[in-house]
Amino acid sequence: MKVVTNRHIEEIKAIVKTGRVLIDESDRFSYSFDGSFGTYLPDIVIQTKNVDELVSLVKLANRERIPIYPRGQATSLSGGPLPVKGGMVLDLSVMNDLLEIHEEDLIAIVSPGVLTAEIHRAAEQKGLMYPPDPSSSHVSTIGGNLAENSGGPRGLKYGVTKDSVIGLEIITPEGEIIKTGGKTVKNVTGYDLTKLIVGSEGTLGIITKAVLRLIPKPQATGTIMAIFDSLVDAGSAISKILSSGIFPSKMELMDQASLVAVEKFEPLGLPTDAAALILIELDGHPLSLREEMEQAAALCRTVGAREVRIPKDKAEEAELWKARKLVSPAIVRIKPTKISEDATVPRSKIPEMCERLLKIRDKYGIHLVVFGHAGDGNLHPNIICDKTDQEEMLRVEQAVAEIFTAAVELGGTLSGEHGIGTMKAPFMEMELGVVGLDMMKRIKKVWDPNNIMNPGKIFPEPGQKLELS
Amino acid sequence: MTVSLKDLREELQYDKTKNCVQCGYCLPVCPTYATFGKETHSPRGRINLVKMVGEGKITDLSILEEPLNLCLGCRACETACPTGVEYGSILEAARAAIVKRKRFSFPARLLRKAMLNKVVPSKKWMNVTGHSIWLYKKSGLQKLARTSGIVEKVPYNLGTFESVIPTPVSPIERSQAPTEVKAKHKVKYTVAFFTGCIMDSMFHRINQLSIKLLSEAGCNVVVVPKQTCCGALQAHAGEMDEARHLAKQNILAFEQINADFIVNNAGGCGAQLYEYGHLLSNDKVWAERAANFSAKSRDISQILVACGGLPDMQPRHGERVTYQRSCHMTNVQKVTQEPLELLKSIPGIHFIEMNQADMCCGSAGIYNIVNYDASMQILDEKMKHTKATNAAVIITTNPGCLIQMKLGIEREELSHSMRALHLVEYLAEASGIS
Chain A
1341 MKVVTNRHIE EIKAIVKTGR VLIDESDRFS YSFDGSFGTY LPDIVIQTKN
1391 VDELVSLVKL ANRERIPIYP RGQATSLSGG PLPVKGGMVL DLSVMNDLLE
1441 IHEEDLIAIV SPGVLTAEIH RAAEQKGLMY PPDPSSSHVS TIGGNLAENS
1491 GGPRGLKYGV TKDSVIGLEI ITPEGEIIKT GGKTVKNVTG YDLTKLIVGS
1541 EGTLGIITKA VLRLIPKPQA TGTIMAIFDS LVDAGSAISK ILSSGIFPSK
1591 MELMDQASLV AVEKFEPLGL PTDAAALILI ELDGHPLSLR EEMEQAAALC
1641 RTVGAREVRI PKDKAEEAEL WKARKLVSPA IVRIKPTKIS EDATVPRSKI
1691 PEMCERLLKI RDKYGIHLVV FGHAGDGNLH PNIICDKTDQ EEMLRVEQAV
1741 AEIFTAAVEL GGTLSGEHGI GTMKAPFMEM ELGVVGLDMM KRIKKVWDPN
1791 NIMNPGKIFP EPGQKLELS
Chain B
872 MTVSLKDLRE ELQYDKTKNC VQCGYCLPVC PTYATFGKET HSPRGRINLV
922 KMVGEGKITD LSILEEPLNL CLGCRACETA CPTGVEYGSI LEAARAAIVK
972 RKRFSFPARL LRKAMLNKVV PSKKWMNVTG HSIWLYKKSG LQKLARTSGI
1022 VEKVPYNLGT FESVIPTPVS PIERSQAPTE VKAKHKVKYT VAFFTGCIMD
1072 SMFHRINQLS IKLLSEAGCN VVVVPKQTCC GALQAHAGEM DEARHLAKQN
1122 ILAFEQINAD FIVNNAGGCG AQLYEYGHLL SNDKVWAERA ANFSAKSRDI
1172 SQILVACGGL PDMQPRHGER VTYQRSCHMT NVQKVTQEPL ELLKSIPGIH
1222 FIEMNQADMC CGSAGIYNIV NYDASMQILD EKMKHTKATN AAVIITTNPG
1272 CLIQMKLGIE REELSHSMRA LHLVEYLAEA SGIS
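The listed protein sequences correspond, in order, to chains A and B.
Just so you know, we're using the numbering used here here: the first sequence kicks off at 1341 and counts up by one.
Just so you know, we're using the numbering used here here: the second sequence kicks off at 872 and counts up by one.
Here you go:
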């Protein structure tokens, strides 16, 4: 049943004077998916960069109870932009005109459709850095990053998206424009609505502008690769380094399954007989960097690293990071479906989480690959399966549930950087508790009394379960 | 037409769509997504539409028609794809499925069949085309057509192309074209030259220059008789049977000569020749022969580099040159370095890479004829970057790109300061060959 009627379409067309209104089936199907699971057909797709038009659309939707789904370039891995209840998709990737770097204030002001990599480029031209670096930055929009509170390898040292946002302009679900935060790093006026909106996955409003915090670009970086005969030892090395006073900018883990997959995909001379390797990147002043590199290498050896390699030059260094980048594409060559989890644990629990993951792998007989931003406890256990194999998918569902349970039991969280979306909603109560989840629902109710903004996300429907088959 | 979902999946190569993880890495490199700004015109969007048919969610294939027709087939998405989705195969299969079900109007059907199956693959008909254009340009007809305004009234905007098509060689000169040329200096390779259909009729001069350059660089060149059109236009239009038929004819013709390489000078044709092995992989009789053919197929730039380049090139005195890549050469044949190497070997040249150099120019076979408006939008994007280089020469390596860039120069009214040339023409110019 369509929730958008012909009468609505006429009204929408009258509102959208500068953009496009798409109702053909080919267009609607093209906005029915993201980087996660499931296809949900929207009734209508609208592209406009005019904020006044967006405001009118939201008012119409609120009056007529039409669901609204803001969408960037839909690289989301948690189902954030999926139009699960039909209605209106707003394609905000077209709002890509504003990208200002204010050097003296160390901020960037951007519109939501700007690609995150463009912000990186613009900041670097001025010797600055926008710290969050999601792996999809060359194709994901900043609006999507803000909505999902994206992370990236540098999250270890520089945090996730919310740590770099100081101000927003948003359209509320009732069609009003408000500003939160501002252009100052110090800003303690009232409730921190900026942090509330970032990561609210489009359920509290539509972000139309953002003020981002920039930092000076570190002068130098260096990389270390440490090879281990045990995944748990690799985990210990990570905790040891972090408690030693060195603060790496990245710390990435690849287990044996990912090493083998990458080597098969593109031979780079990786040690496929090793149980795991970690890649560590340090940044800072060249002099302190040199000392810290030596210290970190020595620490890896004491914890039992079989070998520690320091690349000779930048080209060799790039090769090492290439190996890490190839894990995702390489593992889907094994089987077509990839369930990419981002359950995260406190850093001290990394070795224990590694052990639990291996047990889950064996218990359910699944193909589990562990890699990711281990330095911040964000381990990315990936399950490689075939979604057309129903029996296998049932086992995968159970394994995923158990991975979440393990993470939460170890004091961690369901999501380090991908967001909750549709995929993890059923597990929210497990992490937050009944009252914790209810407080969030109450906030949602106040902001969006008619439940039109991205309904069906974050909060589980009664009886909702993880379904992959 | 009722077919089971299982058969439809096979027909559409549905299994190949499953490798798409919808990561969107193809979006920034797709010229139609960048130009038209809709997911419907992105590789990920198109693959999803095919997937939806395979899953029974879309039952009317005509929904796919426009999104697939507006794809240039440049395959930049394949180069960008981290999971190795075979987009080209998915596109080809889907187009063939649509063509099979589509009821073209009688004149359209006649024109399609006549052009793709009779004219383009036929040496005789392509000669007639070449001769007609020659006659048109030489006889005063062109002048008459222009002053009478009739060029603006011909269908498919063909009038626009009229001004940028080069004057072909005369029928007499064409009939005297040599079939064998010896290497000028020490012999390095014996190569069989692939003439192509459009190249042979409209760009006959570039073919002749190619043969001279190959001989100059140290190749014995043989122009194999009975060769025909490569079949690329047919394959892209979804006429797979005709494409296979032409491939077999070419394999047969070139098997007569035991050359070291089969050399072509057109990126699009080269890609098709490079893929014969893939095209006939399910044919027991032809699979191996097709694979052998493809293994020998090379772009002329590869052979010239393999021969050690061209001797005695004259300095260009700081001429500003840029290079518009052929998509099929880049994304299918993966030939990217050799043309640059040859260009940079010309003394005194000032080479400037344009922004987004890998983006398609919008020519794409007959795309600029059948999707004229879309093609011009893509071209206008391309010309922004081309103009910014301030180059005096734009080098191309495919006849379609060459015509398109000439058109771009006309549209921007830059013909007084900028010219478009095939790499072969420019190398010949630098080598003093005419």
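Glycine included, each C-beta is placed from N, C-alpha and C at the ideal position.
Just so we're clear, the structure is a prediction, and the values are computed from it rather than from any experiment.
Residue-level contact to chain A via CB, residue i, 9 Å cutoff
i	result
LYS1215(B)	no
CYS942(B)	no
THR870(B)	Missing from the structure shown is residue 870(B); chain B here goes from 872 to 1305 and no further.
PRO1042(B)	no
TYR896(B)	yes
LYS928(B)	yes
VAL892(B)	yes
LEU935(B)	yes
MET923(B)	yes
GLU1224(B)	no
LEU876(B)	no
GLY908(B)	yes
Beta-carbon gap between residue i and residue j smaller than 9 Å
i	j	result
PRO1407(A)	ALA1414(A)	no
SER1598(A)	LEU1554(A)	no
ALA1574(A)	ALA1714(A)	yes
VAL1602(A)	ALA1663(A)	yes
ASP1569(A)	ALA1614(A)	yes
GLY1148(B)	PHE1164(B)	yes
HIS1442(A)	THR1456(A)	no
ARG1169(B)	PHE1132(B)	yes
GLN1079(B)	LYS1097(B)	no
VAL956(B)	CYS901(B)	no
Proximal residues to residue i (C-beta, below 8 Å), its chain only, five neighbours per side dropped
i	result
GLY1426(A)	MET1341, LYS1342, VAL1343, VAL1344, TYR1380, LEU1381, PRO1382, ASP1383, PRO1407
LEU1175(B)	LEU1084, LEU1085, ALA1088, LEU1181, GLU1209, LEU1213, LEU1298
ASN1057(B)	In the sequence under discussion, the amino acid at residue 1057(B) is Lys, which differs from the Asn named in the question. Hits under 8 Å: GLY1089.
GLU1440(A)	ALA1448, ILE1449, VAL1450
Cutoff 6 Å; reference residue i; Cβ partners in own chain excluding five residues on either side
i	result
GLN1387(A)	GLY1359, ARG1360, ASP1431, VAL1434
GLY1521(A)	ILE1506, GLY1507, ASN1527, THR1534
ALA1329(A)	Since the displayed chain A opens at 1341 and closes at 1809, residue 1329(A) lies outside it and no answer follows.
GLU1647(A)	ILE1567
MET1254(B)	GLY1279, GLU1283
Cutoff 9 Å: residue i Cβ touching any chain B Cβ
i	result
TYR1371(A)	yes
PRO1664(A)	Contrary to the premise, residue 1664(A) reads as Arg rather than Pro in this sequence. No, its Cβ sits nowhere closer than 9 Å to a Cβ of chain B.
SER1433(A)	yes
LEU1439(A)	no
SER1668(A)	yes
SER1476(A)	yes
ALA1658(A)	no
PRO1382(A)	no
LEU1455(A)	yes
ARG1673(A)	yes
For residue i: DSSP bridge partner residues
i	result
HIS1221(B)	ARG1191(B)
GLY1810(A)	Any question about residue 1810(A) goes unanswered here, given that chain A covers just 1341 to 1809.
LYS1678(A)	ILE1724(A)
VAL1052(B)	VAL1092(B)
ILE1562(A)	Position check: residue 1562(A) holds Gly in this sequence, whereas Ile was assumed. Beta-bridge pairing links GLY1562(A) to LEU1622(A).
GLU1509(A)	LYS1519(A), LYS1549(A)
SER1168(B)	ILE1133(B)
ILE1482(A)	Answer is none; ILE1482(A) lacks a bridge partner.
Own chain residues within Cβ distance below 7 Å of residue i, not counting five before or after
i	result
GLU1769(A)	LEU1777
LYS1502(A)	ASN1489, LYS1535, VAL1538, GLY1539
ALA1262(B)	ARG1191, VAL1192, THR1193, ILE1223, MET1289
CYS1198(B)	CYS945, ARG946, ALA947, CYS1231
Counting Cβ pairs, one atom from each stretch, are 3 or more of them under 8 Å apart for the segment 1711-1727 of chain A and the segment 1682-1702 of chain A? In short, these stretches touch, since the Cβ pair count reaches three.
Decide yes or no for the touch test of the segment 1567-1583 of chain A against the segment 1536-1546 of chain A: beta carbon pairs closer than 8 Å, at least 3 of them. Between the segment 1567-1583 of chain A and the segment 1536-1546 of chain A there are fewer than three inter-stretch CB-CB distances shorter than 8 Å, so the stretches are not counted as touching.
Count the CB pairs spanning the segment 1367-1379 of chain A and the segment 1397-1406 of chain A that are closer than 8 Å, and state whether there are at least three. Contact between the segment 1367-1379 of chain A and the segment 1397-1406 of chain A is absent: fewer than 3 CB-CB pairs across the two stretches fall below 8 Å.
The segment 1068-1081 of chain B in contact with the segment 1106-1115 of chain B per 3-pair CB rule at 8 Å: By the C-beta criterion, the segment 1068-1081 of chain B is judged not to be in contact with the segment 1106-1115 of chain B, since fewer than 3 inter-stretch pairs fall below 8 Å.
Are at least three pairs of beta-carbons, each pair with one atom in the segment 1262-1273 of chain B and one in the segment 1125-1144 of chain B, less than 8 Å apart? With a cut-off of 8 Å, the segment 1125-1144 of chain B and the segment 1262-1273 of chain B count as touching, because enough Cβ pairs lie within range.
Are the segment 1177-1191 of chain B and the segment 1154-1162 of chain B touching, with three or more C-beta to C-beta distances below 8 Å? Contact check between the segment 1177-1191 of chain B and the segment 1154-1162 of chain B: fewer than three CB pairs, one atom from each, fall below 8 Å, which does not count as touching.
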